[in-house]
Amino acid sequence: MTPTPAEVAHAAEVLRAGGLVAFPTETVYGLGAHAGQPAALARVFAVKGRPPDHPLIVHLAPGLDLDDWALDVPPAARALAAACWPGPLTMVLRRHPRVDPVATGGRDTVGLRVPAHPVAQDLLARVGGGVAAPSANRFGRVSPTTAAHVRADLGEDVDVVLDGGPCAVGVESTIVDLTVEDPVVLRHGGVPVEVLEAVLGRPVGRHAAGPARAPGMLAAHYAPSARVVLCADADQAAARAGRERAAGQRVRVLDPRVDATAWAHALYGWLRDADVADLDVLVVVPPPEEGLGVAVADRLRRAAVGSGGEVSPPTG
Ligand code: TXA
Ligand code: MG
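Just so you know, we're using this note's numbering here: the sequence shown kicks off at 9 and counts up by one.
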């Protein structure tokens, strides 16, 4: 499953030559382009079908100097980098001029992340610069957590797919905005907010699901074709599934009773399975909203809204 050093070296060469490389991270697979090459970055937006004002995350190898990539780096950012990198945390900071504004959707801020996956780190070290990478799915599709998902979504539009096996975490990175006085979470993800608060020694705001701050967090982005219906417990789920089946719908109940880590790891695969099975309705009992469960519940709510399902159906 692990690419050979020669394969990673070739992928780095492709990136330096302006090509696109899908690569594994511990969260989801990324669709990478060299962060200093506007033409390659433009191809990422084209292949994804992503609006040009939706900023990309710039991925960096361990051992970077934050001041080479961001301006006015606050102490809180240095503390979070020391505690959470490499790992599933993206920090939004003021953009350094060396970061091409095409990567940041024209913004003066940049999202930076040092991934923990060894293949990603090897690739980034060989490239020797930043690699801008959104999740390696078409705009509006569920994020890929295996190389097979990437190939199914992107086909021939990506030059190289590095297969590093299934992503360990399974949901995207937590995004925290450090350009404001009090750091605020823009997207829940692989690093629970409690961890950020422990590192910073103060409460961290949880940005309500709003459209503006992190474009690309639209509800439909996490939706399978099946309607996702969220239920409070197993009884409610069984009752709902029964009614849907009686109405002739193809239904599956997703109530795995696993911990939040296992939920996150499997979530996007389960959503994709619903489409593979050509379901009409996926009835889900989400995990408790603690730790990684917050990110899982967030994605499930978006999947419910985006699929035309229901977030909290009436009981009975
Ligand atoms: O785990 C992840 O973060 C994965 C892997 C590949 O690293 N990447 C990922 O990228 O999820 P993407 O493009 O699918 O989602 C990035 C999110 C978008 O919602 C984007 O708006 C936000 O990050 N973002 C990036 N730079 C930003 C910035 N400067 N200000 C605000 N939001 C930003
Ligand atoms: Mg994405």
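Glycine included, each C-beta is placed from N, C-alpha and C at the ideal position. Just so we're clear, the structure is a prediction, and the values are computed from it rather than from any experiment.
Classification of residue i by the beta-carbon crowding that lies within 10 angstroms, buried from 16 upward
{"i": "Glu-252", "result": "buried"}
{"i": "Met-99", "result": "buried"}
{"i": "Val-2", "result": "With the chain running from 9 to 324 in the structure shown, residue 2 is simply not present."}
{"i": "Leu-190", "result": "With the sequence shown as reference, residue 190 is identified as Asp, and Leu is not the correct amino acid for it. Exposed, because fewer than 16 other Cβ atoms sit within 10 Å of the Cβ of Asp-190."}
{"i": "Ala-242", "result": "exposed"}
{"i": "Ala-240", "result": "exposed"}
{"i": "Asp-185", "result": "buried"}
{"i": "Ser-320", "result": "exposed"}
{"i": "Asp-75", "result": "exposed"}
{"i": "Pro-83", "result": "exposed"}
{"i": "Gly-119", "result": "buried"}
{"i": "Thr-153", "result": "buried"}
{"i": "Asp-306", "result": "buried"}
{"i": "Ala-141", "result": "buried"}
{"i": "Pro-13", "result": "exposed"}
{"i": "Val-327", "result": "Coverage of the chain is limited to positions 9 through 324, which leaves residue 327 absent and any answer about it impossible."}
{"i": "Val-188", "result": "exposed"}
{"i": "Arg-195", "result": "buried"}
Reference residue i; option with closest CA among the options
{"i": "Ala-312", "options": "Arg-115, Ala-249, Asp-243 and Pro-232", "result": "Pro-232"}
{"i": "Phe-147", "options": "Leu-300, Val-22 and Pro-60", "result": "Pro-60"}
{"i": "Arg-103", "options": "His-125, Asp-80 and Glu-21", "result": "Asp-80"}
{"i": "Gly-172", "options": "Pro-13, Thr-33, Gly-178 and Ala-272", "result": "Thr-33"}
{"i": "Gln-257", "options": "Arg-265, His-215, His-125 and Arg-248", "result": "Arg-248"}
{"i": "Glu-164", "options": "Pro-11, Val-16 and Val-29", "result": "Val-29"}
{"i": "Val-55", "options": "Thr-112, Leu-275 and Ser-143", "result": "Ser-143"}
{"i": "Cys-175", "options": "Val-66, Phe-31 and Arg-260", "result": "Phe-31"}
{"i": "Ala-128", "options": "Phe-53, Leu-170, His-215 and Ala-160", "result": "Leu-170"}
{"i": "Leu-131", "options": "Ala-285, Ala-272, Trp-271 and Ala-41", "result": "Ala-41"}
{"i": "Gly-57", "options": "Leu-162, Asp-73, Thr-117 and Val-110", "result": "Leu-162"}
Residues of its chain near residue i, where Cβ-Cβ distance is below 7 Å and the 5 sequence neighbours each way are ignored
{"i": "Asp-108", "result": "Ala-43, Gly-44, Pro-46 and Leu-49"}
{"i": "Gly-234", "result": "Correcting the residue identity first, residue 234 is Ala in this sequence and not Gly. Cβ neighbours of Ala-234 beyond the five flanking positions: Ala-282, Asp-283, Leu-287, Asp-288, Val-289, Leu-290 and Ser-315."}
{"i": "Arg-403", "result": "Limits of the chain in this structure are 9 at one end and 324 at the other, which puts residue 403 out of reach."}
{"i": "Glu-205", "result": "Pro-211 and Val-212"}
{"i": "Arg-51", "result": "Leu-28 and Ala-41"}
Residues of its chain near residue i, where Cβ-Cβ distance is below 8 Å and the 5 sequence neighbours each way are ignored
{"i": "Arg-280", "result": "Val-150, His-157 and Pro-232"}
{"i": "Val-207", "result": "Ala-87, Leu-88, Ala-91 and Cys-92"}
{"i": "His-297", "result": "Note that residue 297 is Glu in the sequence shown, not His. Only Ala-305 meet the Cβ criterion."}
Nearest-angstrom beta carbon gap, residue j and residue i [assumed within contact, 8 Å]
{"i": "Gly-213", "j": "Val-236", "result": "Incorrect: roughly 28 Å between the Cβ atoms, too far for contact."}
{"i": "Leu-328", "j": "Val-139", "result": "Absent from the model: residue 328. The displayed extent of the chain is 9 to 324, so no value can be given."}
{"i": "Ala-78", "j": "Leu-101", "result": "4 Å"}
{"i": "Arg-115", "j": "Pro-63", "result": "5 Å"}
{"i": "Val-304", "j": "Glu-180", "result": "Contact flag wrong, Cβ pair sits at about 11 Å."}
{"i": "Leu-238", "j": "Arg-309", "result": "7 Å"}
Cutoff 7 Å: residue i Cβ touching any chain D Cβ
{"i": "Pro-46", "result": "Note that chain D does not occur in the displayed structure, where there is just one protein chain."}
Beta-carbon proximity list for residue i, same chain, < 6 Å, skipping 5 on both sides
{"i": "Ala-124", "result": "Glu-34, Pro-94 and Gly-95"}
{"i": "Gly-136", "result": "none"}
{"i": "Gly-299", "result": "Pro-200 and Ala-268"}
{"i": "Asp-167", "result": "Val-22, Gly-27 and Leu-28"}
- Message: Report the start-end ranges of each beta strand (DSSP E) in the region 158-188 that is 3 residues or longer and not cut off at the edges.
- Response: 182-185
- Would you mind listing the alpha helix (DSSP H) stretches within the region 238-323 that are 4+ residues and don't spill past its ends, in chain order? Counting only runs of at least 4 residues, the region 238-323 fully encloses the following alpha helix (DSSP H) elements, listed from N- to C-terminal order: 242-254, 268-284 and 301-314.
- Please go through the region 37-69 and give each complete beta strand (DSSP E) segment of 3 or more residues, from N-terminal end onward. 38-42 and 65-67
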